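Protein chains in written order, with my numbering: chain P, 90 to 324; chain X, 90 to 324. Glycine included, every Cβ here is placed at the ideal spot set by N, Cα and C. Remember, predicted model here, so these are calculated numbers, not experimental data.
2 protein chains.
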Amino acid sequence: MSNTPLWTAIARALRADIAEGRYAPGDKLPTEAQLAERHGVNRHTVRHALSALVEEGLVRTRRGAGAFVAARPTDYPIGKRVRFTENLRRAGRMPGRDVLSTEIRVATPEEAAVLDIAPGARIFVSHGRSLADGQPLAMSESYYPLDRLPGLPEALAEGRGVTHALKAAGVRDYTRASTRVSAVLATATKAVVLQVREGAPLLKTTSLNVDLGGVPVEFGRTWFAGDRITLTLED
Amino acid sequence: MSNTPLWTAIARALRADIAEGRYAPGDKLPTEAQLAERHGVNRHTVRHALSALVEEGLVRTRRGAGAFVAARPTDYPIGKRVRFTENLRRAGRMPGRDVLSTEIRVATPEEAAVLDIAPGARIFVSHGRSLADGQPLAMSESYYPLDRLPGLPEALAEGRGVTHALKAAGVRDYTRASTRVSAVLATATKAVVLQVREGAPLLKTTSLNVDLGGVPVEFGRTWFAGDRITLTLED
Chain P
90 MSNTPLWTAI ARALRADIAE GRYAPGDKLP TEAQLAERHG VNRHTVRHAL SALVEEGLVR
150 TRRGAGAFVA ARPTDYPIGK RVRFTENLRR AGRMPGRDVL STEIRVATPE EAAVLDIAPG
210 ARIFVSHGRS LADGQPLAMS ESYYPLDRLP GLPEALAEGR GVTHALKAAG VRDYTRASTR
270 VSAVLATATK AVVLQVREGA PLLKTTSLNV DLGGVPVEFG RTWFAGDRIT LTLED
Chain X
90 MSNTPLWTAI ARALRADIAE GRYAPGDKLP TEAQLAERHG VNRHTVRHAL SALVEEGLVR
150 TRRGAGAFVA ARPTDYPIGK RVRFTENLRR AGRMPGRDVL STEIRVATPE EAAVLDIAPG
210 ARIFVSHGRS LADGQPLAMS ESYYPLDRLP GLPEALAEGR GVTHALKAAG VRDYTRASTR
270 VSAVLATATK AVVLQVREGA PLLKTTSLNV DLGGVPVEFG RTWFAGDRIT LTLED
């Protein structure tokens, strides 16, 4: 259309450059002056185009440093079956996991209630970090009812994933009974682990996984880097 | 138990005071000095108890202003049927809605694709704010395929809710086809509308509602105040 504003053409050209990988996530875009010259427009027009791309989440600006291609967030399905490794592979990402620490201890009354175990029963707690293509994606705390899952700590230590370890501990299959999602800001500690800045937005989920009989096998809290993930729910 | 640390008793007393409504959401708690005197402990013990309640999300501290009872977040189910009014009523909250602005215009190519309408077809866009007990809960943009929903703007203007208006426009029932959730920081504009501070954490959802035949009837973007809502998914 002849009355399409000029800035939309610049935005479209930049969108195509990003889609075709000419600028990859994290790359700095040319300066406003360079873009203005290249497209034969004024800087106001360039700024309008960049604003539109920022609004779309394709581009991020850093004060004084210019405009950068935003990292494409990973789509992460939250449905009846939530499997980290499968989810990442399906999104075209290489999954990774670091175990930060583990402990075996007596459950608090709240933990016992959530996991439906006797007060005073033991739990296995694993603190970890999930990665996508080597970049930190999430920090998590997983709580397992230890007496219900003999051999679980050893099976998890093999590093073949949660599904594999649960199977080794006698859980043939498991499903997600509930997920709760909220938005919080990164604390100093989480910022270091997730490699985001303090105060960055995080998606916090708390979730319960149960076996085929509905018995809890894992309760978890996860903090996802907000700009690296989109939780998706499809029917 | 005799070896329970002293701070847990203080935390338990404060938790009970909050649960019983002696301190309501938003109320300022007594100062550290007052709590120390009341319980016959030192301020270090009081501070430990308050830290635990902050960690649990029950209490918030504001630098220089003291400790306040945190607003209890509203549980907001995101399932196959997402109904704002029903969701709020079920959470024991009084639902409210402000329409900030509306427009009728030609769909962009992206909007036409999402709503499965012809390029150039008209859409009705409603910008609004949702309230829980009079407090802003969310800001939203709703996009409706106008030609598919004759009379919708007038029906929405009656203020009897989206479900009612869609019914008046011929949609007997509708379900949520997909929801995408991310975490973002409040911009200056959103901070004003939501009455949060700039940079506060927001839950952003993008969602598609379809009629019983799977035809899109509404596409929406919503920004929820992160500390006032928990999205819940149950199986």
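Within a 10 Å sphere around the beta-carbon of R178(X) sit fewer than 16 other beta-carbons, which makes this residue exposed. Of the other Cβ atoms in all chains shown, 16 or more fall within 10 Å of the Cβ of T163(X); this residue is therefore buried. What G288(P) touches in chain X, judged by beta-carbon distance under 7 Å, is G288, going in chain order.
Close partners of A207(P) in chain X (Cβ separation under 9 Å) are lacking, with about 17 Å as the shortest Cβ gap.
Scanning chain X for C-beta atoms nearer than 9 Å to the C-beta of S190(P) yields nothing, as the closest lies near 18 Å away. Assignment of K256(P) by DSSP, reduced to helix, strand and coil, places it in the helix class.
Using a CB distance below 9 Å, the part of the segment 155–170 of chain X facing chain P consists of P162, D164, I167, G168, K169, ordered along the chain. Between A272(P) and L292(X), the gap from beta carbon to beta carbon is short of 7 Å. In the three-state reduction of the DSSP assignment, E323(X) falls in the strand class, which pools E and B. Taking each of A275(X), I99(X), G302(X) in turn and checking the Cα distance to R132(X), the smallest one comes out for I99(X). Remark: three or more beta-carbon pairs, one from each stretch, lie closer than 8 Å, so the segment 205–215 of chain X and the segment 227–246 of chain X are flagged as touching.
W312(P) and G217(P) have their C-alpha atoms some 11 Å from each other. Distance check between S267(P) and each of I206(P), K169(P), A277(P) places K169(P) closest, using alpha-carbon atoms only. Check the Cα spacing between A277(X) and each of V270(X), R286(X), R269(X): the tightest is with R286(X). If you check the CB distance, Y112(P) and V158(P) come in under 7 Å. Burial check for A108(X): the Cβ neighbour count within 10 Å stays below 16, so the residue is exposed.
Out of G155(X), E323(X), R101(X), P242(X), the CA that lies nearest to the CA of I193(X) is found in P242(X). Rounded to the nearest whole angstrom, the C-alpha separation of G181(X) and R172(X) is 14 Å.
Per DSSP, the unbroken beta strand (DSSP E) holding V158(X) starts and ends at 155–158. Every unbroken stretch of the alpha helix (DSSP H) spanning 4 or more residues and falling wholly within the segment 225–285 of chain P is given here in chain order: 241–246, 251–257, 277–283. When the beta-carbon positions are compared, L103(P) and A156(P) stay at least 7 Å from each other. Membership of A314(P) in the beta strand (DSSP E) is indicated by the continuous run 305–314. Listed in chain order, the alpha helix (DSSP H) elements of length 4 or more contained wholly in the segment 128–180 of chain X are 132–145, 173–179. Judged by beta-carbon spacing, Y263(X) lies within the 7 Å limit of V306(X), meaning their Cβ atoms are closer than that value. Under the 10 Å beta carbon count, L320(P) is surrounded by 16 or more other beta carbons and is classified as buried. One thing to note: R151(P) has its Cβ no nearer than 7 Å to the Cβ of L226(P). Following the DSSP letters along the chain, one finds L301(P) in no beta strand (DSSP E), marked with neither H nor E. Rounded to whole angstroms, the separation of the alpha carbons of R249(X) and P94(P) is 38 Å. Take H137(X), set aside five residues on each side of it, and the residues of its chain with a beta-carbon closer than 6 Å to its own are W96, in chain order.
The DSSP-derived three-state label of R182(X) is coil. In terms of Cα proximity to L204(P), the closest of A314(P), L220(P), V299(P), R269(P) is V299(P). Contact of S219(P) with chain X by beta-carbon distance below 8 Å is absent, the smallest such distance being about 16 Å. In the DSSP annotation of this structure, the continuous segment of the alpha helix (DSSP H) that includes R104(P) starts and ends at 95–108. Membership of L204(X) in the alpha helix (DSSP H) is indicated by the continuous run 198–204. Contact with chain X is absent for E121(P), since none of that chain's Cβ atoms lies less than 7 Å from the residue's Cβ.
The C-alpha of T191(X) lies about 10 Å from the C-alpha of A246(X).
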